[in-house]
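Residues 727 to 1287 (the working numbering) are what the first sequence spells out, left to right. See below for the structure under consideration.
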Amino acid sequence: MKDTVAQLLEAALASLADEGVLPKDQTFSPKVDNTKDKTHGDFATNVALAAAKAAGKPPRELAQLLVSRLPANTAVSKVEIAGPGFINFFMSDASSFAVVNTILAAGAAYGRNTSGQNESVQVEFVSANPTGPLHVGHGRGAAIGDCLCRLLEANGYRVTREFYYNDAGAQINNLGLSVQARAKGLTPEHESWPADGYRGDYITDVANSYMARETVTADDREVTGAGDADNLEAIQDFAVAYLRREQDLDLKAFGVEFDVYFLESSLYADGKVEATVNTLTENGYTYEQDGALWLRTIEFGDDKDRVMRKKEGGYTYFVPDVAYHLNKWQRGFTTVINEQGADHHSTVTRVRAGLQALKAGIPEGWPDYVLHQMVMVTRSGQEVKISKRAGSYVTLRDLIDEVGRDATRFFLAARRVDSQLTFDIDLARSQTNENPVYYIQYAHARICSVIRKLNELGIDKSAEAFAEHLDALGLDEERDIANKLAQYPELISNAAVLREPHHLTHYLRELAGQFHTYYNAHKVLVDDEQVRDGRVALYLAVRQVLVNGLELLGVSAPEEM
RNA sequence: GUCCCCGUAGCUCAGUAGGAUAGAGCGAGCGCCUCCUAAGCGCUAGGUCACAGGUUCGAUUCCUGUCGGGGACACCA
727 MKDTVAQLLE
737 AALASLADEG
747 VLPKDQTFSP
757 KVDNTKDKTH
767 GDFATNVALA
777 AAKAAGKPPR
787 ELAQLLVSRL
797 PANTAVSKVE
807 IAGPGFINFF
817 MSDASSFAVV
827 NTILAAGAAY
837 GRNTSGQNES
847 VQVEFVSANP
857 TGPLHVGHGR
867 GAAIGDCLCR
877 LLEANGYRVT
887 REFYYNDAGA
897 QINNLGLSVQ
907 ARAKGLTPEH
917 ESWPADGYRG
927 DYITDVANSY
937 MARETVTADD
947 REVTGAGDAD
957 NLEAIQDFAV
967 AYLRREQDLD
977 LKAFGVEFDV
987 YFLESSLYAD
997 GKVEATVNTL
1007 TENGYTYEQD
1017 GALWLRTIEF
1027 GDDKDRVMRK
1037 KEGGYTYFVP
1047 DVAYHLNKWQ
1057 RGFTTVINEQ
1067 GADHHSTVTR
1077 VRAGLQALKA
1087 GIPEGWPDYV
1097 LHQMVMVTRS
1107 GQEVKISKRA
1117 GSYVTLRDLI
1127 DEVGRDATRF
1137 FLAARRVDSQ
1147 LTFDIDLARS
1157 QTNENPVYYI
1167 QYAHARICSV
1177 IRKLNELGID
1187 KSAEAFAEHL
1197 DALGLDEERD
1207 IANKLAQYPE
1217 LISNAAVLRE
1227 PHHLTHYLRE
1237 LAGQFHTYYN
1247 AHKVLVDDEQ
1257 VRDGRVALYL
1267 AVRQVLVNGL
1277 ELLGVSAPEE
1287 M
């Protein structure tokens, strides 16, 4: 419908250009907005304000001319000029409610589009190191990342979900030492406990499992505990596999699955790190100083050059990161999105600089980053900081166990990524209208309940048959709902393009709210069959959009509550 | 000290790439079940969009600065 309005305006603008009112060498593309205020109609455009200067006429006068040149169209019932020169469009009921037919015909496909043209997109998210259970921050990353993937798929992209993890290096060494200490019966209070060792209870679980020679499977690898507390290498291998499996169970409980698990160690094993360093050197972007090898990242906008190879040997972490991203590029992903915590902000410049210095034809500003801010968890108004298993932080599993997967996913995706998020456990657990998850799910369940009642009454028609009586609709609440439903495809597109999944949660909250208002004000199962059928059709359309939207969030749509 | 993000109603937050009188929800106050699920709905109250400049027909939105809150600033990952 918005397109229809835009086309009419294009035609009117072209007429005025022909008449010489508007300059021909300048094109004005009318921006058509959804109105905030119903008294402003369904759509509004500011094009008369924008073009007034070029036309040499006051905005309202230009608007008057534009309106007079608009081609006739049955979808538009009224056009008004308002305020400083806005043109407001009021749509006819028939065109407003036509969206119900569109939705019922498209079903699960409503809101989806093919703008991505099957382009392969890779989204890397979570990417936690295998040194412990996933924490809330990872949970936010998982919720945002997975929702973003689903949104991209809904826009016609082919998405690869990827999880990258560091399975070697200092942190893994530290993990091994911690498990070893536990295997030998030491506690964190003991004087020989490794400095900076991991103290959480889960370390004891790993140690016990290792000593009991259990077998764990993770990332298609199978590792059996050697049961030897002196074999540090075996302990490390086992601990990594064990904790990766733990994280996978957390993610599974959260409803998130990855296509690729990428090991940092593979970049070394395959010579990719060495090759990257060689290319950077050949391209003249490195130099030796103080016994270390440096990369001239300043040339690519960094504050200072960065060390690649340390004095005592070994590469700094961003070198394999650059190799990893080159690998992504070589795998053919022209669009790559990295979803990470904002504490990784400093890596962005370095990785991009390294990629530019490779001169591999990678565009500047590649890859994309979506960085989310911190998460704080509260209960009874107090910040919660620790969990029993992990010791120093709240785990994702804690939340899922306590408030459920649906509420956890919804809450963690419901805020703009660049603002800090307060996760209120009491709110997420509450089963009242103040909890948006239940509120939305309840709207869906209510519709299902009405349909069940309909069946009990012996009325069992197809959605299309109900929709034959859309002309019986015309209440304000009904028009509002239809307009809201019509905005859904645009929302799906915007949320993906802007990489802002939180819009989806707000949209669903609003749609559910409009539905509840309507439900309370007007009965659907009325004696007038035409009115009843029209309303049922609208109900079915609302249900379809709720289902489609919740699906993109990874939140269930229960039929009863 | 440098860089990044945030600052909108008592609280939690939206604000769709500059638009019309800034919106929801919760909380507060008052109402609504002989009626398809009250896990719901209606009404009322509540604002200097942190502050100061700038850009322009117009700024919560863009730019600069100040003040608050958070984060990042390793030859750690």
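Idealized CB from N, CA, C, for every residue including glycine.
Short check: CB of Tyr891 to CB of Ala1116, under 8 Å?
-> Here residue 891 refers to the residue found at position 165 when the first sequence is read from its first residue. Here residue 1116 refers to the residue found at position 390 when the first sequence is read from its first residue. Cβ atoms of Tyr891 and Ala1116: not closer than 8 Å.
If you count every other CB in all the chains shown that lies within 10 Å of the CB of Glu1065, and 16 or more means buried, which is it?
-> Numbered from its first residue, the first sequence carries residue 1065 at position 339. Buried, since its Cβ has 16 or more Cβ neighbours within 10 Å.
Do you know whose CA, among Gln1099, Leu1276 and Asp1206, lies nearest Arg1131's CA?
-> Within the first sequence, numbered from 1, the residue matching residue 1131 stands at position 405. Looking at the Cα atoms, Leu1276 is the closest of the given residues.
Using the DSSP secondary-structure output, state which residues sit across from Ala944 in a beta bridge.
-> Here residue 944 corresponds to residue number 218 of the first sequence, with the count starting at 1. According to DSSP, Ala944 bridges with Arg947.
To the nearest angstrom, how far is it from the Cα of Gln1167 to the Cα of Ile1177?
-> The residue labelled residue 1167 in the question sits at position 441 within the first sequence. The residue labelled residue 1177 in the question sits at position 451 within the first sequence. Cα to Cα, Gln1167 sits roughly 16 Å from Ile1177.
Who pairs with Trp1020 in a beta bridge, going by DSSP?
-> Locating residue 1020 in the first sequence gives position 294, counting from the first residue. DSSP lists Tyr1013 and Val1033 as partners of Trp1020.
How is the alpha helix (DSSP H) around Tyr987 delimited, first residue to last?
-> On the first sequence, position 261 is the one that residue 987 refers to. It is not in any alpha helix (DSSP H) - Tyr987 instead sits in the beta strand (DSSP E) that spans Val986 to Leu989.
When the Cα atoms are used, what is the spatial distance from Val885 to Glu983?
-> Locating residue 885 in the first sequence gives position 159, where the first residue counts as 1. Locating residue 983 in the first sequence gives position 257, where the first residue counts as 1. Their Cα atoms are separated by approximately 12 Å.
Would you be able to state if there are at least three C-beta pairs under 8 Å between the segment 852-872 and the segment 915-934?
-> yes
Just list the alpha helix (DSSP H) runs in the segment 893-978, keeping only unbroken ones of 4 residues or longer that don't cross its boundaries, in chain order.
-> 896-909 and 927-937
Out of Arg1172, Arg795 and Pro784, which has the shortest C-alpha to C-alpha gap to Gly809?
-> Here residue 809 refers to the residue found at position 83 when the first sequence is read from its first residue. Closest by alpha carbon: Pro784.
For Thr1148, collect the residues of the same chain with a Cβ closer than 7 Å to its Cβ; drop the 5 residues on either side in sequence, then sort them by chain order.
-> Walking along the first sequence from the start, residue 1148 turns up at place 422. Result list for Thr1148: Met1102 and Thr1104, in chain order.
Let me know the secondary structure DSSP gives His741 once reduced to three states.
-> Stepping through the first sequence from its first residue, residue 741 is reached at position 15. In the sequence under discussion, the amino acid at residue 741 is Ser, which differs from the His named in the question. Residue state, collapsed to three classes: helix.
Take Ala967 and list the residues in its own chain whose beta-carbon comes closer than 7 Å to its own, dropping the five residues that flank it on each side.
-> Taking the first residue of the first sequence as position 1, residue 967 is located at position 241. Excluding positions up to five away in sequence, the list reads Val942, Ala944, Arg947 and Val949.
For Gly871, name the three-state secondary structure that DSSP assigns.
-> Along the first sequence, one-based indexing puts residue 871 at 145. Helix.
When DSSP labels each residue in this structure, what does Lys804 get in the three-state scheme?
-> For this step, residue 804 is matched to residue 78 along the first sequence. Residue state, collapsed to three classes: strand.
Take the Cβ of Ile1024 as the centre, count every other Cβ of all protein chains shown within 10 Å, and call the residue buried at 16 or more, exposed below.
-> In the first sequence, residue 1024 corresponds to position 298, counting from 1. Label assigned to Ile1024: exposed.
Ser853 burial status per 10 Å Cβ neighbour count (16 or more: buried) | In the first sequence, counting from the first residue as 1, residue 853 sits at position 127. The residue in question, Ser853, is buried, as its Cβ has 16 or more Cβ neighbours within 10 Å.
Taking Leu1125 and Gly863 to be in contact with their CB atoms under 8 Å, please state how far apart those CB atoms are, rounded to whole angstroms.
-> To locate residue 1125, count along the first sequence from 1; it is residue 399. To locate residue 863, count along the first sequence from 1; it is residue 137. Rounded, the Cβ-Cβ distance is 11 Å, inconsistent with contact.
DSSP three-state call for Glu1285: helix, strand or coil?
-> The residue given as residue 1285 occupies position 559 in the first sequence. In the structure shown, Glu1285 sits in coil (DSSP, three-state: anything other than H, G, I, E or B).
Could you tell me whether the segment 970-984 touches the segment 1014-1031, where touching means 3 or more Cβ pairs closer than 8 Å?
-> no
Helix or strand or just coil, what does DSSP make of Phe812?
-> Residue numbering aside, residue 812 sits at position 86 when the first sequence is read from its first letter. It is a strand residue.
Taking Ser821 as part of the alpha helix (DSSP H), name the residues at either end of that continuous run.
-> Within the first sequence, the letter at position 95 stands for residue 821. First-last of the alpha helix (DSSP H) with Ser821: Asp819 to Ala832.
Three-way DSSP call (helix, strand, coil) for Ile1185 in this model | In the first sequence, the residue the question calls residue 1185 occupies position 459. DSSP places Ile1185 in coil when its eight states are reduced to three.
Is it true that the CB of Leu1211 sits closer than 8 Å to the CB of His1229?
-> For this step, residue 1229 is matched to residue 503 along the first sequence. For this step, residue 1211 is matched to residue 485 along the first sequence. Not in contact: His1229 and Leu1211 (Cβ atoms no closer than 8 Å).
Taking Val731 as the reference, which of Asn799, Gly746, Ala778 and Lys779 has the closest Cα?
-> Sequence index remark: in the first sequence, residue 731 carries index 5 (1-based). For the residues Asn799, Gly746, Ala778 and Lys779, the minimum Cα distance to Val731 belongs to Asn799.
Simplified DSSP state of Phe1059, which is helix, strand or coil | Here the question's residue 1059 lines up with position 333 in the first sequence. Three-state result, Phe1059: coil.
Proximity to Arg876 [Cα-Cα], best of Arg1155, Ser1188, Ala835 and Glu745 = Within the first sequence, numbered from 1, the residue matching residue 876 stands at position 150. Selected option, being the one with the closest Cα: Ala835.
In three-state DSSP terms, what is Ser1175?
-> Counted from its first residue, the first sequence places residue 1175 at position 449. Here Ser1175 sits in helix by DSSP.
Would you mind stating whether Pro1162 and Arg1235 have Cβ atoms separated by less than 8 Å?
-> Residue numbering aside, residue 1162 sits at position 436 when the first sequence is read from its first letter. Residue numbering aside, residue 1235 sits at position 509 when the first sequence is read from its first letter. Yes, the Cβ-Cβ distance between Pro1162 and Arg1235 is below 8 Å.
Taking buried to mean at least 16 other C-beta atoms within 10 Å of its own C-beta, is Asp1253 buried or exposed?
-> In the first sequence, residue 1253 corresponds to position 527, counting from 1. Exposed is the call here.
Contact check, Val758 vs Lys728 under 8 Å by CB: the rounded distance?
-> Numbered from its first residue, the first sequence carries residue 758 at position 32. Numbered from its first residue, the first sequence carries residue 728 at position 2. Their Cβ separation, rounded to whole angstroms, is 5 Å, which keeps Val758 and Lys728 in contact under 8 Å.
Rounded C-beta distance between Leu802 and Phe823? I'm assuming under 8 Å.
-> For the purposes of this step, residue 802 is identified with residue 76 of the first sequence, where counting begins at 1. For the purposes of this step, residue 823 is identified with residue 97 of the first sequence, where counting begins at 1. This sequence places Val at residue 802; Leu is not what is there. About 15 Å; that fails the 8 Å criterion.
With Leu788 as the anchor, note down where its beta strand (DSSP E) starts and where it stops.
-> Looking up residue 788 in the first sequence gives position 62. Counting along the chain, Leu788 falls outside any beta strand (DSSP E), though it belongs to the alpha helix (DSSP H) covering Pro785 to Arg795.
Quick one: give me the first and last residue of the alpha helix (DSSP H) that His1242 is part of.
-> What you label residue 1242 is simply residue 516 of the first sequence in a count that begins at 1. Here the alpha helix (DSSP H) through His1242 covers His1228 to Ala1247.
Under the rule that 16 or more other beta-carbon atoms within 10 Å means buried, what is Gly1280, buried or exposed?
-> As a first step, residue 1280 is located in the first sequence; it is residue number 554 there, counting from the start. Answer is buried; the Cβ neighbour count reaches 16.
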